Amino acid sequence: MAESFVTPQGRRLAYHLTDGTGPAVVFLGGFKSDMEGTKAVHLEKWARESGRTFLRFDYSGHGESDGRFEDGAIGDWFEDACAALGLLAGKVVLVGSSMGGWISLLVARAMPQRVAGLVTIAAAPDFTEDSMWASFTDDQKTELAAGQVALPSEYGDPYIITKRLIEEGRTRLVLRDPLELPFPVRFLQGTADADVDMSVALRLLAHAEGPDMRLTLVDGADHRFSDDACLALIVRSVEDVLSAGMG
Numbered sequence: 001m002a003e004s005f006v007t008p009q010g011r012r013l014a015y016h017l018t019d020g021t022g023p024a025v026v027f028l029g030g031f032k033s034d035m036e037g038t039k040a041v042h043l044e045k046w047a048r049e050s051g052r053t054f055l056r057f058d059y060s061g062h063g064e065s066d067g068r069f070e071d072g073a074i075g076d077w078f079e080d081a082c083a084a085l086g087l088l089a090g091k092v093v094l095v096g097s098s099m100g101g102w103i104s105l106l107v108a109r110a111m112p113q114r115v116a117g118l119v120t121i122a123a124a125p126d127f128t129e130d131s132m133w134a135s136f137t138d139d140q141k142t143e144l145a146a147g148q149v150a151l152p153s154e155y156g157d158p159y160i161i162t163k164r165l166i167e168e169g170r171t172r173l174v175l176r177d178p179l180e181l182p183f184p185v186r187f188l189q190g191t192a193d194a195d196v197d198m199s200v201a202l203r204l205l206a207h208a209e210g211p212d213m214r215l216t217l218v219d220g221a222d223h224r225f226s227d228d229a230c231l232a233l234i235v236r237s238v239e240d241v242l243s244a245g246m247g
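Just so we're aligned, residue 1 is where the sequence shown starts under the UniProt record's numbering, counting upward by one.
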């Protein structure tokens, strides 16, 4: 059963913490995803077997945490991630999936001294602006101006996209200003990802600056990035970042 803590903003978040050696590995999930996903659970199993500290948690409005998804925005979930790091001592390796990739970049920008390394999986930086807003029709933009718009999702119920999510997201963009990543970074991206185009990964690699950044493209992998080969690559990338950080 998940434990919980309350953030400085007063939001109760659910989490699972595996004790072990540091740097701790922290999994940051995607948009409307939760900490019970295949990648998070697989990494926890790896952490247990390798004696590594590991944290997975649910943002507010996600999974077992309090709050309504529709009330949240990128900044709220970034604050949740920062608060979750308060459960850990020392440096961390961030593993950000999809939206969690954007959140992890925000965390890395805000507190680079806490980050020992970064692995992103189909990272979706700035997606509220570059993917959602950019693709809205005039009718959808009118609907959004009145409060919210519903977008179909192949993962279940439609996504309710609020005016606040879009407008607040504009204050959290990471691909418009310098982005320093002064630690080992591994970007992972599938070529068959229908949600985050390969061009996003290439743009992120070209935009960010750091001494040790690599992008791995996996032929045929989709956005879930959860088959056995992809899960093994995620683990290898985390191990690579950990060993590179110690070198």
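C-beta: ideal position from N, C-alpha, C; glycine also.
Everything numeric in this text was worked out from a predicted model, so none of it was measured.
If you scan the region 33-84 from start to end, which runs of the alpha helix (DSSP H) of 4 or more residues do you find wholly inside it?
38-50
Below 7 Å CB to CB, which residues in the same chain sit around Leu151 once its five sequence neighbours on both sides are set aside?
For the purposes of this step, residue 151 is identified with residue 151 of the sequence shown, where counting begins at 1. Excluding sequence neighbours, Leu151 sits near Pro158, Tyr159, Ile161.
Note down the Cα distance separating residue 298 from Ala146, rounded to an integer number of angstroms.
For the chain, the structure presents residues 1 to 247; residue 298 sits outside this window and is missing.
Closest by C-alpha distance to Val185, when choosing among Val119, Ala2, Asp71:
Taking the sequence shown and counting its residues from 1, one reaches residue 185 at position 185. Of the candidates Val119, Ala2, Asp71, the one whose C-alpha sits nearest the C-alpha of Val185 is Val119.
Among the candidates Ile166, Ile74, Ile121, whose CA atom is the shortest distance from the CA of Arg214?
Counted from its first residue, the sequence shown places residue 214 at position 214. Considering only alpha carbons, the answer is Ile121.
With a threshold of 8 Å on Cβ separation, who are the neighbours of Val93 within its own chain once the five nearest residues in sequence on each side are excluded?
Translated into positions along the sequence shown, residue 93 becomes position 93. So the qualifying residues of the chain are Pro23, Ala24, Val25, Val26, Val115, Ala116, Gly117, Leu118, Val119, Val238, Val241, Leu242, Gly245.
With distances taken from CA atoms, which of Ser60, Arg52, Val95 is nearest Thr21?
Counting from 1 along the sequence shown, the entry for residue 21 is found at position 21. The shortest C-alpha separation from Thr21 is found at Arg52.
Comparing alpha-carbon positions, which option in Glu154, Ala134, Gly100, Phe183 lies nearest Gln113?
As a working note, residue 113 is residue 113 in the sequence shown. When only C-alpha atoms are compared, the closest one is Phe183.
For Leu105 and Gly190, the rounded distance between their alpha carbons
By one-based count along the sequence shown, residue 190 stands at place 190. By one-based count along the sequence shown, residue 105 stands at place 105. When rounded, the distance between both Cα atoms is 19 Å.
Between Leu217 and Thr171, what straight-line distance do the alpha-carbon atoms span, to the nearest angstrom?
Residue numbering aside, residue 217 sits at position 217 when the sequence shown is read from its first letter. Residue numbering aside, residue 171 sits at position 171 when the sequence shown is read from its first letter. Using only the alpha carbons, I get a separation of about 29 Å.
Smallest Cα separation from Val6: which of Ser50, Ala84, Gly72?
Taking the first residue of the sequence shown as 1, we reach residue 6 at position 6. Of the listed residues, the one whose Cα sits closest to Val6 is Ala84.
Measuring straight from C-alpha to C-alpha, what distance separates Gly169 and Asp130?
Reading the sequence shown from its first residue, position 169 is the one you call residue 169. Reading the sequence shown from its first residue, position 130 is the one you call residue 130. So the alpha carbons of these two residues sit roughly 10 Å apart.
Continuous alpha helix (DSSP H) stretch holding Gln140: start and end:
If you number the sequence shown from 1, residue 140 lands on position 140. Segment 138-145, the alpha helix (DSSP H) holding Gln140.
How many Å lie between Asp71 and Ser33 at the Cα?
Residue 71 sits at position 71 when you count from the first residue of the sequence shown. Residue 33 sits at position 33 when you count from the first residue of the sequence shown. Straight-line Cα distance between these residues: approximately 15 Å.
What would DSSP say about Val200, mapped onto helix, strand or coil?
The residue you call residue 200 lines up with position 200 of the sequence shown. In the structure shown, Val200 sits in a helix (DSSP, three-state: H, G or I).
Quick one: give me the first and last residue of the alpha helix (DSSP H) that Ala108 is part of.
Within the sequence shown, residue 108 is the residue found at index 108, counting from 1. Residues 99-110.
Counting along the chain, where does the alpha helix (DSSP H) carrying Leu118 start and finish?
Along the sequence shown, one-based indexing puts residue 118 at 118. It is not in any alpha helix (DSSP H) - Leu118 instead sits in the beta strand (DSSP E) that spans 115-121.
Where the alpha helix (DSSP H) through Leu165 begins and ends
Position 165 of the sequence shown, counted from the start, is the residue given in the question as residue 165. Start and end: 163-169.
Residue from Ala221, Phe127, Arg11 whose Cα sits closest to the Cα of Gly30
Taking the sequence shown and counting its residues from 1, the one referred to as residue 30 is at position 30. Comparing Cα-Cα distances from Gly30 to each of Ala221, Phe127, Arg11, the minimum goes to Phe127.
Can you pull the DSSP bridge partners for His16?
What you label residue 16 is simply residue 16 of the sequence shown in a count that begins at 1. Note: His16 sits in a beta bridge opposite Arg56.
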